[in-house]
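Engineer:
2 protein chains.
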Amino acid sequence: MVATVNDYDIEIANVAGEFPSHSHEETDEFFLVLRGPFELRLRDSVITLREGDVYTVPAGVEHAPRAEPGTRILMVEPRGTLNTGDAETGTAGTRLV
Amino acid sequence: MVATVNDYDIEIANVAGEFPSHSHEETDEFFLVLRGPFELRLRDSVITLREGDVYTVPAGVEHAPRAEPGTRILMVEPRGTLNTGDAETGTAGTRLV
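Here you go:
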């Protein structure tokens with residue numbers, strides 16, 4: 031977490047690997063790719079984001095992030111949001127802040 | 031404005047010039063510099079941000095943005111926040127989305 035805006039957290043993270051599919055029932059989740067590519071596998075499609083691309087996953091939409099080593103993203107979400115949302119499994123990917 | 035997260039706007043803008051000093055009484059304002067440098071002149075100091083730097087101006091704190099042509103920033107703030115805050119003068123700088 032690098033900054034806050036009112037009751038929102040701004041996070042910058044290096045990510046690598048596949049993260050379990052999950053959704054956030056209560057909140058949207060915003061991604062800006064600082065160094066890509068970064069994939070969001072949705073139920074019926076795959077969103078591939080490159081450096082400078084942005085994407086907001088709407089509340090309730092299942093998404094599985096996936097990245098190669100070296101990927102760096104910025105996220106915006108309400109304070110206390112779990113990055114794994116409702117996933118019951120552990121996080122498979124690696125998150126290095 | 032490039033995306034929303036719940037009731038927040040994410041904006042990416044090319045900015046140049048000096049903007050009038052202003053504050054936002056009701057909200058913090060977050061800046062990420064995508065291409066710098068970008069200056070925030072506060073009452074008693076000047077914050078110089080370079081590519082990748084982030085800064086949150088707390089609610090109520092006066093700040094005057096300043097940038098050379100070619101500067102690109104990302105901002106996060108509640109929907110409907112005026113970039114000029116409480117400034118009564120027009121915007122002197124140039125904002126090109």
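Same order as they appear, the protein sequences are chains D and A.
31 is the number of the first residue of the first sequence in my numbering; add one for each residue after it.
31 is the number of the first residue of the second sequence in my numbering; add one for each residue after it.
Ideal Cβ positions, reconstructed from N, Cα and C, are used throughout, including at glycine.
Fair warning: this is a prediction, and the values are worked out from it, not measured in the lab.
Would the stretch 74-81 of chain D count as touching the stretch 105-119 of chain D if we require 3 or more Cβ pairs under 8 Å?
Structural biologist: Verdict: no, contact absent.
Engineer: Going by the beta-carbon positions, is the gap between residue 94 of chain A and residue 54 of chain A smaller than 9 Å?
Structural biologist: Contact flag unset, no.
Engineer: Mind pulling the chain A residues with CB within less than 7 Å of residue 40 of chain D?
Structural biologist: Simply 60, 84 and 106.
Engineer: Scan the stretch 72-113 of chain D and note each continuous alpha helix (DSSP H) run of 4 residues or more that stays entirely inside, going in chain order.
Structural biologist: Taking only runs of at least 4 residues, no alpha helix (DSSP H) segment lies wholly in the stretch 72-113 of chain D.
Engineer: Nearest-angstrom Cα distance between residue 46 of chain D and residue 96 of chain D?
Structural biologist: Going by the C-alpha atoms only, they are around 7 Å apart.
Engineer: Within 10 angstroms of the Cβ of residue 116 of chain D, are there 16 or more other Cβ atoms? Answer buried if so, exposed if not.
Structural biologist: The residue is exposed, with fewer than 16 neighbouring Cβ atoms inside 10 Å.
Engineer: Assign residue 116 of chain D to one of three DSSP states: helix, strand, or coil.
Structural biologist: Three-state result, residue 116 of chain D: coil.
Engineer: Could you name the residues of the same chain whose beta carbon sits closer than 8 Å to that of residue 100 of chain A, not counting the 5 residues immediately before and after it, in chain order?
Structural biologist: 44, 46 and 65.
Engineer: Sorted by chain position, which residues of the same chain lie with C-beta nearer than 6 Å to residue 59 of chain A's C-beta, five sequence neighbours on each side aside?
Structural biologist: The answer, listed in chain order, is 87 and 107.
Engineer: Going by the beta-carbon positions, is the gap between residue 42 of chain A and residue 34 of chain A smaller than 9 Å?
Structural biologist: Cβ distance not < 9 Å, so residue 42 of chain A and residue 34 of chain A don't count as in contact.
Engineer: Cutting at 6 Å between CB atoms, please list the residues of its own chain near residue 102 of chain A, excluding the five before and the five after it.
Structural biologist: Excluding residues within five positions, the ones whose Cβ falls inside 6 Å are 44, 64 and 65.
Engineer: Checking contacts by CB at 9 Å: is residue 45 of chain D closer than that to chain A?
Structural biologist: Cβ-Cβ to chain A under 9 Å: no for residue 45 of chain D.
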